[in-house]
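Q:
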Amino acid sequence: MRASELAMQISAMHNDIETTVDRVLNNLCNLFEASPGTDNKDADIQANLHAAMVDYVVSSSLSSKFSKHISQDKDDLDACIEMLGHSSEGIPGQSVLLGKSNLFQFGKKQNQDGTSTPLNAFVTELARAGVEKSVVDKALKAATVPKKGNTYYNVTLVEE
Numbered sequence: 044m045r046a047s048e049l050a051m052q053i054s055a056m057h058n059d060i061e062t063t064v065d066r067v068l069n070n071l072c073n074l075f076e077a078s079p080g081t082d083n084k085d086a087d088i089q090a091n092l093h094a095a096m097v098d099y100v101v102s103s104s105l106s107s108k109f110s111k112h113i114s115q116d117k118d119d120l121d122a123c124i125e126m127l128g129h130s131s132e133g134i135p136g137q138s139v140l141l142g143k144s145n146l147f148q149f150g151k152k153q154n155q156d157g158t159s160t161p162l163n164a165f166v167t168e169l170a171r172a173g174v175e176k177s178v179v180d181k182a183l184k185a186a187t188v189p190k191k192g193n194t195y196y197n198v199t200l201v202e203e
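The number in the working numbering is simply the position in the sequence shown, starting from 1, with 43 added.
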């Protein structure tokens with residue numbers, strides 16, 4: 044199979060998925076009903092909110108499903124390579140070809156290993172080096188900045 048043939052099959056699959064997603068989005072968007080007594084401007088805003096929630100529900104559902112598939116596929120690739128008697132580990136800073144079939148080849152590229160310094164370990168080493176605790180505490184206080192917490196979107200079905 045040539046790359047162009049594979050690209051055509053993948054493109055056809057994408058078109059099929061888009062057609063199905065568009066149908067579901069339209070069906071769910073058509074279920075919108077403006078709140079009673081709402082003027083046109085607010086009804087438009089409510090409709091836009093409804094459409095955004097519909098899009099989010101569908102997109103996050105697809106993302107979740109395919110993310111799980113990708114994770115499982117990676118595990119399956121590693122397992123197959125190991126069943127063939129080879130290591131599935133990457134090598135830092137290199138691309139490694141791990142396996143192939145008549146159509147595809149599978150490899151891994153691993154970035155160079157890095158380092159990190161846990162703050163607690165750093166503070167402990169400063170104390171061992173003789174730096175006074177009050178100096179460390181003052182420096183930590185000066186270096187501490189607020190961090191905004193993660194935001195999670197949650198769109199759920201309103202029960203009737």
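We put the CB at the ideal spot given by N, CA and C, even for glycine.
1. Classify Q89 as helix, strand or coil using the three-state DSSP reduction.
2. Under the assumption that P135 contacts Q148 (Cβ atoms under 8 Å), give the Cβ distance between them as a whole number of angstroms.
3. I'd like to know if E132 contacts chain C, where contact means its C-beta is closer than 8 Å to some C-beta of that chain.
4. Is the distance from the Cβ of C72 to the Cβ of H93 below 8 Å?
5. In whole angstroms, what separates the C-alpha of Q52 from that of R45?
6. Can you name the start and end residues of the alpha helix (DSSP H) that K181 belongs to?
7. What runs of the alpha helix (DSSP H), each 4 residues or longer, lie entirely inside the region 56–131?
8. First and last residue of the beta strand (DSSP E) that includes L200?
9. Below 8 Å on the Cβ atoms is my contact criterion, and I expect V101 with L146 to pass it. Report the Cβ-Cβ distance as a whole number of Å.
A: According to the structure data:
1. Residue state, collapsed to three classes: helix.
2. Between Q148 and P135 the Cβ distance is about 21 Å, and since that is not below 8 Å, they are no contact.
3. Of the chains in the structure shown, none is chain C; there is only one protein chain.
4. It is a contact, given that the beta carbons lie within the stated cut-off.
5. When rounded, the distance between both Cα atoms is 11 Å.
6. K181: member of the alpha helix (DSSP H) spanning K176 to A186, first to last residue.
7. DSSP runs (the alpha helix (DSSP H)) wholly in the region 56–131: 83–126.
8. For L200, there is no enclosing beta strand (DSSP E), as DSSP gives it neither H nor E.
9. Rounded, the Cβ-Cβ distance is 32 Å, inconsistent with contact.
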